[in-house]
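Numbering-wise (this note's numbering), the sequence shown opens with residue 363 and increments by one.
Read through the structure below, which is laid out as structure tokens, and then see the notes.
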Amino acid sequence: MSSATPAGCFHDALNATALASSSRQLNQPDLMVQAIRVYGKAITGLNEALQSPVASRDDSVLVALFVLGLFEVIAARPSQSRSANVEASCHPHSEGGLAMLQYRSGVMANGNIDKVILAFFSFVALSDCFMTYPGDFLLWSKLRTLTTPTADGPCFEPLLCRAVEFKIVAEEMMTRNGLAAGSTMFTLLESGMRIIEDLKTVAEHQLSQKAPGNRTGFNGVVDVSLGSNALIASTGRYFQAWDLGP
Numbered sequence: 363m364s365s366a367t368p369a370g371c372f373h374d375a376l377n378a379t380a381l382a383s384s385s386r387q388l389n390q391p392d393l394m395v396q397a398i399r400v401y402g403k404a405i406t407g408l409n410e411a412l413q414s415p416v417a418s419r420d421d422s423v424l425v426a427l428f429v430l431g432l433f434e435v436i437a438a439r440p441s442q443s444r445s446a447n448v449e450a451s452c453h454p455h456s457e458g459g460l461a462m463l464q465y466r467s468g469v470m471a472n473g474n475i476d477k478v479i480l481a482f483f484s485f486v487a488l489s490d491c492f493m494t495y496p497g498d499f500l501l502w503s504k505l506r507t508l509t510t511p512t513a514d515g516p517c518f519e520p521l522l523c524r525a526v527e528f529k530i531v532a533e534e535m536m537t538r539n540g541l542a543a544g545s546t547m548f549t550l551l552e553s554g555m556r557i558i559e560d561l562k563t564v565a566e567h568q569l570s571q572k573a574p575g576n577r578t579g580f581n582g583v584v585d586v587s588l589g590s591n592a593l594i595a596s597t598g599r600y601f602q603a604w605d606l607g608p
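Here's what the structure looks like:
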């Protein structure tokens, strides 16, 4: 933590989330009542801390926001009637968390805790891209515009980002124009095939054994001590969107 004395909302957030978790595990509704009461106190304290230029820079305030999102996931009851929303079911404050990470970067208050939380939000955004309705990339769009001293955009290898960007462009093309013109479709398929080949290489090396101590890439599943693998893992080739016209 960046201060010896964490903000009050930090303790309340932990307490509320622990009570909610215990309520679910032990099937004790009374604990959830207590949890909701403490949650309200934590939200009030968090809002007050965010209004303070000094308190808002404290690591404990960022962690409080993160933990309160976990509380809401634990406290919420699953519903078959609700549409799929990975952000809501994984962490309801993902967008607010990204905004806070950007703010902390601007005032030079970011540190190791920011890296950990950014990694978590990156996985939420990735899941959101593949599990929600086609064309719904709001969280990923916000994530890829995030700029901090330690990371620009999602905390993933470029190859994985290329795959997501390809999916975004392909779905936007189909949503806007239906079947694209022949030349555009050919370029789309060509780019997709390159990504597939690179992903195939990654998958093949995931199955192979690697010697202890070898450097890895693609979130730790590829041995990049070999030149060809290192090139694939570090490539910055992003799928380029075209002007598809009206």
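C-beta: ideal position from N, C-alpha, C; glycine also.
Problem - Beta-carbon spacing of residue 369, residue 407 below 8 Å - result: Looking up residue 369 in the sequence shown gives position 7. Looking up residue 407 in the sequence shown gives position 45. A contact, by the Cβ cut-off of 8 Å.
Practice task
Leaving aside the five residues before and after residue 403 along the sequence, list all residues of the same chain whose C-beta is less than 7 Å from its C-beta, in chain order.
Solution key: On the sequence shown, residue 403 is found 41 positions in, with the first residue counted as 1. Answer for residue 403: 374, listed in chain order.
Practice task
Express the C-alpha separation of residue 485 and residue 417 in angstroms, rounding to a whole number.
Solution key: Taking the sequence shown and counting its residues from 1, one reaches residue 417 at position 55. Taking the sequence shown and counting its residues from 1, one reaches residue 485 at position 123. Taking the straight line from one Cα to the other gives about 28 Å.
Problem - residue 374 - DSSP class collapsed to helix/strand/coil - result: Reading the sequence shown from its first residue, position 12 is the one you call residue 374. Three-state result, residue 374: helix.
Practice task
Check residue 406 in the structure and name its three-state DSSP category.
Solution key: The sequence position of residue 406 within the sequence shown is 44, counting from 1. In this structure, residue 406 counts as helix in the three-state DSSP scheme.
Handout entry: Sub-8 Å separation of residue 475 and residue 429 beta-carbons
Key = Residue 475 sits at position 113 when you count from the first residue of the sequence shown. Residue 429 sits at position 67 when you count from the first residue of the sequence shown. No.
Problem - DSSP bridge partner residues for residue 490 (one or two, in chain order) - result: In the sequence shown, residue 490 corresponds to position 128, counting from 1. Paired residues: none, contrary to the question.
Problem - Alpha-carbon spacing of residue 423 relative to residue 372, whole angstroms - result: As a working mapping, residue 423 is identified with position 61 in the sequence shown. As a working mapping, residue 372 is identified with position 10 in the sequence shown. Between residue 423 and residue 372, the C-alpha separation is close to 6 Å.
Problem - C-beta atoms of residue 487 and residue 516 nearer than 8 Å - result: Position 125 of the sequence shown, counting from 1, holds the residue named residue 487. Position 154 of the sequence shown, counting from 1, holds the residue named residue 516. Against a cut-off of 8 Å, the Cβ pair of residue 516 and residue 487 comes out as a contact.
Exercise for the section: Using alpha carbons as the reference points, say which of 386, 395 and 434 lies closest to residue 454. Expected result: On the sequence shown, position 92 is the one that residue 454 refers to. Residue 454 has its Cα closest to that of 434, out of 386, 395 and 434.
Problem - Inter-residue spacing [alpha-carbon to alpha-carbon] between residue 529 and residue 523 - result: Mapped onto the sequence shown, residue 529 falls at position 167. Mapped onto the sequence shown, residue 523 falls at position 161. So the two alpha carbons sit approximately 10 Å from each other.
Exercise for the section: Hey, could you find the ends of the alpha helix (DSSP H) residue 459 is sitting in? Expected result: Taking the first residue of the sequence shown as 1, we reach residue 459 at position 97. Segment 456-468, the alpha helix (DSSP H) holding residue 459.
Practice task
Measure the Cβ-Cβ separation of residue 561 and residue 525 and say whether it is below 8 Å.
Solution key: Translated into positions along the sequence shown, residue 561 becomes position 199. Translated into positions along the sequence shown, residue 525 becomes position 163. Their beta carbons are under 8 Å apart, which means residue 561 touches residue 525 by this criterion.
Exercise for the section: Starting from residue 434, trace the alpha helix (DSSP H) both ways and give me its first and last residue. Expected result: Here residue 434 refers to the residue found at position 72 when the sequence shown is read from its first residue. 421-437 is the span of the alpha helix (DSSP H), which, as asked, contains residue 434.
Practice task
With a cut-off of 8 Å on the beta carbons, I'd call residue 508 and residue 490 a contact; round off their distance for me.
Solution key: The residue you call residue 508 lines up with position 146 of the sequence shown. The residue you call residue 490 lines up with position 128 of the sequence shown. In fact, because the Cβ distance is near 15 Å, the residues do not count as touching under 8 Å.
Exercise for the section: Report, in whole angstroms, the separation of the C-beta atoms of residue 535 and residue 551, which I expect to be a contact under 8 Å. Expected result: Taking the first residue of the sequence shown as 1, we reach residue 535 at position 173. Taking the first residue of the sequence shown as 1, we reach residue 551 at position 189. So it is not a contact: roughly 11 Å between Cβ atoms.
Handout entry: For residue 506 and residue 469, believed in contact at Cβ under 8 Å, the rounded distance
Key = In the sequence shown, counting from the first residue as 1, residue 469 sits at position 107. In the sequence shown, counting from the first residue as 1, residue 506 sits at position 144. Wrong, their Cβ atoms sit about 22 Å apart, outside the cutoff.
Handout entry: Separation of residue 546 from residue 482, as counted between CA atoms
Key = Residue numbering aside, residue 482 sits at position 120 when the sequence shown is read from its first letter. Residue numbering aside, residue 546 sits at position 184 when the sequence shown is read from its first letter. Going from the Cα of residue 482 to the Cα of residue 546 covers about 35 Å.
Handout entry: Spatial distance of residue 548 from residue 559 (CA atoms)
Key = Locating residue 548 in the sequence shown gives position 186, counting from the first residue. Locating residue 559 in the sequence shown gives position 197, counting from the first residue. Approximately 17 Å between the Cα atoms of the pair.
Problem - Proximity below 8 Å, CB of residue 320 to CB of residue 460 - result: With the chain running from 363 to 608 in the structure shown, residue 320 is simply not present.
Practice task
Could you round the C-beta distance between residue 382 and residue 394 to whole angstroms and report it? I think they count as a contact, below 8 Å.
Solution key: Taking the sequence shown and counting its residues from 1, the one referred to as residue 382 is at position 20. Taking the sequence shown and counting its residues from 1, the one referred to as residue 394 is at position 32. So it is a contact: roughly 6 Å between Cβ atoms.
Exercise for the section: Pull up the distance between the alpha-carbon of residue 518 and that of residue 479, whole angstroms please. Expected result: Position 156 of the sequence shown, counting from 1, holds the residue named residue 518. Position 117 of the sequence shown, counting from 1, holds the residue named residue 479. Straight-line spacing of the CA atoms in residue 518 and residue 479 works out to 14 Å.
Exercise for the section: Go ahead and pull the three-state DSSP assignment for residue 509. Expected result: Reading the sequence shown from its first residue, position 147 is the one you call residue 509. In this structure, residue 509 counts as strand in the three-state DSSP scheme.
Practice task
Please name the residue in 473, 391 and 399 whose C-alpha comes closest to that of residue 377.
Solution key: Taking the first residue of the sequence shown as 1, we reach residue 377 at position 15. Nearest of 473, 391 and 399 to residue 377, Cα basis: 399.
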